[in-house]
Amino acid sequence: MIAPSTRHHLQAFGIAAGFATICALVTLLLCAKAEERYIHEFADEFGDLKLQGVALQKTAFTQPDLLVLYGSSELVSPVHGKASEFFEEYPTGFRVFPVGKPGTTSLAIMQKIASLGRYIEHRKVAFSISPSYFFSEKVNRDYYEGNFSALQAMEFAFSTHLSAGLKRDAARRMIEYPETVEGNWTLEFGLRRLAGDTMLDRALYAAIWPLGKMANEVGRAQDHIEAGLHIAENLEEKNPKPRRIAGLNWKEILRRTSVKVKATRPPIAPRLTKRPKGSRDAEFLKTLKEADEWDDFDLLLRTLREMRADALLLSMPLHGPDLERTGVSSEARKAYGMQLKALAVKYGMQLVYFSKYENDPTFFADNLDHPGERGWMLFNKVLDDFYHQPQKTRN
């Protein structure tokens, strides 16, 4: 029998614990409300809270006037007319919400998408694809490690909305970068059990499952609180921007942009010494075929399909003159588009590949995978059409 004094202590502890729980829940609710109220102000931000977290990306998908666009360095390049700038005043009723920074490859984006759970189901989402990532057999380790998020990886590892086969295949790729999971034994253990996929591995994964889910709950709470604190410290109440619904005269916009770019931008100088035509075709095709980025891109598309997202894929054209000078012929260059289209068809994804502009210098901002002002206007037209087309649902 418990002594009266002990019972009083237990009662006091229970009251204190209950009060603390209520305070924590109210705090999280207030943070979530703040995220929803201020999410539009994060559209032109590229800090870790937005890119490495989960809360803000989830909130963005709940807003009918935001279109989330995942990509890489092109999203932050200082180019006039890029999507985040062009749609800032809601010219046709929506704004683009870009997510990405230099070196964001498919495996990192896959984890961002996997961490969203039901928030992306039947939602529109767009992806800007950088062709150069497919021109190396191995993904640059610095790219992946610099974009890795332990929170997003944990959400993937202990998710319930992805098939066992997809989680196994993705985990096998993720553990190829052991530096990213060092010191996080729950994540490392979970990924290695998913990757092993033996009966023992599955049993051990089931044993650690409650701990992984608990860690995710703590991570989500911390993410919400950090977002709430950031909003309280940095964002002020702003008048809502006009949300015009009138359509744009895209033919005239593209014409004016083309004239402006041709008249004002200096030519892009070739970077490399010219080699005989087609002399590097075999090497180019071998590297393209064996690039790890294709496997990661396949994982990303599988994730989108399983999560029933309505996705649009946008690919830059290749730099035709540069590749021609290095000995890669136009015939060899077609292999990239063919493989890209094959995967899009396989997973039922919309794809716009701007291949016809590979010899048009006005499309590019530089010799990298960065659209110039005209290139972005072509991207923007496709994004505008995609946002306004009927919603596509997946069973």
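Position 154 of the sequence shown, counted from 1, bears residue number 166 in my numbering, the numbering being contiguous throughout.
Think of the CB as a built atom: it goes at the ideal place given N, C-alpha and C, for glycine as much as any other residue.
Closest residue to residue i among the options (Cα-Cα distance)
| i | options | result |
| --- | --- | --- |
| Ala75 | Glu191, Phe398, Glu47 | Note that residue 75 is Gln in the sequence shown here, rather than Ala. That would be Glu47, whose Cα lies nearest to the Cα of Gln75. |
| Asn196 | Leu223, Pro90, Arg337 | Leu223 |
| Ser144 | Glu157, Leu63, Asn246, Thr116 | Thr116 |
| Trp306 | Tyr50, Phe147, Gly59, Tyr82 | Phe147 |
| Ala176 | Val193, Met211, Tyr155, Glu157 | Met211 |
| Phe160 | Ala120, Gly59, Glu264, Ser291 | Ala120 |
| Phe99 | Arg205, Glu264, Asp396 | Asp396 |
| Pro329 | Lys289, Thr374, Met319 | Thr374 |
| Lys179 | Glu194, Pro402, Leu324, Met319 | Met319 |
| Glu191 | Glu157, Asp181, Arg204, Ala182 | Glu157 |
| Ala323 | Ile51, Arg49, Tyr82, Gly59 | Tyr82 |
| Gln403 | Pro114, Ser89, His134, Tyr50 | His134 |
| Asp304 | Pro90, Arg204, Ala182, Asp209 | Ala182 |
Beta-carbon proximity check, residue i vs residue j, cutoff 8 Å
| i | j | result |
| --- | --- | --- |
| Leu260 | Thr104 | yes |
| Ile139 | Leu352 | Rather than Ile, the amino acid found at residue 139 in this sequence is Phe. Not in contact: Phe139 and Leu352 (Cβ atoms no closer than 8 Å). |
| Gly384 | Val273 | yes |
| Ala321 | Ile141 | no |
| His382 | Ser85 | yes |
| Ala162 | Leu216 | no |
| Ala356 | Leu363 | yes |
| Arg267 | Arg337 | no |
| Leu128 | His242 | no |
| Leu316 | Ser118 | no |
| Gly65 | Ala239 | yes |
| Asp293 | Ala344 | yes |
Cβ separation of residue i and residue j, assumed to be a contact under 8 Å, to the nearest whole Å
| i | j | result |
| --- | --- | --- |
| Arg153 | Tyr189 | 7 Å |
| Leu79 | Lys136 | 6 Å |
| Gly496 | Ile220 | No statement about residue 496 is possible, as the shown extent of the chain runs from 13 to 407 and does not include it. |
| Asp334 | Asn379 | 6 Å |
| Gly332 | Ser342 | 7 Å |
| Gly412 | Phe398 | This structure does not reach residue 412, given that the chain is present from 13 up to 407, and the question cannot be answered. |
| Leu63 | Val111 | 6 Å |
| Arg184 | Ala207 | 4 Å |
| Ser291 | Gly339 | 4 Å |
Distance cut-off 7 Å: residue i Cβ against heavy atoms of the ligand FAD
| i | result |
| --- | --- |
| Lys393 | This structure simply doesn't include the ligand FAD, nor any ligand for that matter. |
(message) Check whether the region 165–183 and the region 218–235 are in contact - that is, three or more C-beta pairs closer than 8 Å.
(response) yes
(message) Closer than 8 Å is the cut-off here; do at least three beta carbon pairs connect the region 53–66 with the region 346–360?
(response) no
(message) Three Cβ pairs or more, each shorter than 8 Å: is that satisfied between the region 120–130 and the region 64–74?
(response) yes
(message) Counting beta carbon pairs with one atom in the region 389–398 and one in the region 90–99, are three or more of them shorter than 8 Å?
(response) yes
(request) Mind listing, in chain order, the continuous beta strand (DSSP E) runs of no fewer than 3 residues lying wholly within the region 122–190? (result) 136–141
(message) Three or more C-beta pairs under 8 Å: does that hold for the region 107–115 against the region 359–379?
(response) no
(message) List, from N- to C-terminal side, the beta strand (DSSP E) runs of 3 residues or more that fit wholly inside the region 364–393.
(response) none
(request) Only counting runs of 3 or more residues, tell me where the beta strand (DSSP E) segments fall wholly within the region 32–110, in order along the chain. (result) 78–82
(message) Ignoring anything shorter than 4 residues, give me the alpha helix (DSSP H) runs that lie fully in the region 321–370, in order along the chain.
(response) 332–337, 342–358
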